[in-house]
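In our numbering, the protein residues as written are 2 to 70.
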C-alpha cells in the first residue's frame, strides 16, 4: 500500500453509491467521534480509488473522517 493524501470532499461511502445502508449515529458513536476530535494523531484511513473519477471509496476510517469534518 502507498500512503496518499485525499481531500475529504473526494471521499464517498458505499451508502452514497447506493450499495449499502447508511446507519444513524447512536449516542455511543457520537461519543467516540468527540473523543477522536481531541486526539492529536489518528491512524490512517483506508481508501480505494474509483477508476477514472478522481474519487475514492472510503473502506476504513469513517469515524475518523467524521471527526475531521
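Don't be surprised by glycine CBs; every beta carbon is placed ideally from N, CA and C.
Neighbour-count burial assignment, residue i, 16 or more Cβ in a 10 Å radius
| i | result |
| --- | --- |
| residue 20 | exposed |
| residue 59 | buried |
Residue i: first and last residue of the uninterrupted beta strand (DSSP E) it sits in
| i | result |
| --- | --- |
| residue 58 | 56-61 |
| residue 18 | From DSSP, residue 18 is part of no beta strand (DSSP E); its letter is neither H nor E. |
| residue 46 | Careful: residue 46 lies outside any beta strand (DSSP E) and carries neither H nor E. |
As assigned by DSSP and simplified to three states, the class of residue i
| i | result |
| --- | --- |
| residue 7 | coil |
| residue 37 | helix |
Same chain, Cβ closer than 7 Å to residue i, neighbours up to 5 away in sequence not counted
| i | result |
| --- | --- |
| residue 113 | With the chain covering 2 to 70 only, the question about residue 113 has no answer from this structure. |
| residue 46 | 59, 61, 62, 65, 66 |
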